[in-house]
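Worksheet: the structure to be examined is printed underneath.
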Amino acid sequence: MTFVVNLLLGLLFGVGLVISGMSDPAKVLNFLDLAGPWDPSLAFVMGGAVIVAFFGYRLVLKRDRPVIGSKFHIPSRTDLEPRIFVGPAIFGFGWGLSGFCPGPALTAIGLAAPGTLVFVPAMFVGMWAARLAGTRPASLIAT
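Everything in the sequence shown is counted per our numbering, starting at 31 for the first residue and increasing by one.
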């Protein structure tokens, strides 16, 4: 049952990425290019996501546990270390160069968007390299 719910929610998220234009690297690059043909429409997508997350977290965290799952997985670390800044900087640099980030890139495969056949394998190589380097998401590190 969990697999089916996760699959349906993932498909819903992917459809949202396609409808919003996040799967189109040209649209993303035009949003990031303030000096060129700036396209502010993704700011509305971001604003909508922030509003949904703001109210969604408040609604969901009133529960004792998630609907599917035994407990909430919320990061508890408060210390700052270099990788907290380096990882996002690399992520943002790559996003700004390519117009892709992981989620939209995977939906763009289905749309046959140019560049996905280069970006997605490179993304998986990067994930593999990060695993070799011994990095783990902050939420999985014991506190």
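Even glycine gets a Cβ: it sits at the ideal position worked out from N, Cα and C.
>> If you follow the alpha helix (DSSP H) that S106 is in, where does it begin and where does it stop?
In response: Taken as a continuous stretch (DSSP letters only), S106 belongs to no alpha helix (DSSP H), as it is neither H nor E.
> Hey, how far is the Cα of A65 from the Cα of V97?
Replying inline: If you take the alpha carbons of A65 and V97, they lie about 45 Å apart.
>> Using only CA atoms, which one of L141, F84, P67 and G145 lies nearest to G129?
In response: Taking only the C-alpha atoms, the option nearest G129 is G145.
>> Looking at the secondary structure, which residues open and close the alpha helix (DSSP H) in which R18 lies?
In response: The structure shown does not extend to residue 18, since the chain is modelled only from 31 to 173, so the question has no answer here.
>> Tell me the rounded alpha-carbon separation between A172 and S71.
In response: Unreliable placement is indicated for A172, whose pLDDT of 49 sits below 50; the coordinate value is still reported in the next sentence. Distance from the CA of A172 to the CA of S71, rounded to the nearest whole angstrom, comes to 39 Å.
>> According to DSSP, is M76 part of a helix, a strand, or is it coil?
In response: Residue state, collapsed to three classes: helix.
> From D109 to A163, what distance separates their C-alpha atoms?
Replying inline: Between D109 and A163, the C-alpha separation is close to 21 Å.
> When the distance is taken between beta carbons, is P112 closer than 7 Å to S53?
Replying inline: No.
> For V48, which residues from the same chain have a beta carbon less than 6 Å from its beta carbon, with the 5 sequence-adjacent residues on both sides left out?
Replying inline: Within the same chain, V48 has close Cβ partners T137.
> What are the boundary residues of the alpha helix (DSSP H) that W125 is part of?
Replying inline: Per DSSP, W125 belongs to the alpha helix (DSSP H) from P112 to S128.
> Hey, how far is the Cα of G40 from the Cα of D63?
Replying inline: C-alpha of G40 to C-alpha of D63: approximately 29 Å in a straight line.
>> Could you check whether the Cβ of V148 sits closer than 6 Å to any heavy atom belonging to the ligand GDP?
In response: Within the structure as shown, the ligand GDP is missing, as the structure has no ligands at all.
>> Which residue marks the beginning of the alpha helix (DSSP H) containing S50, and which one marks its end?
In response: Where S50 is concerned, the enclosing alpha helix (DSSP H) stretches over T32 to S50.
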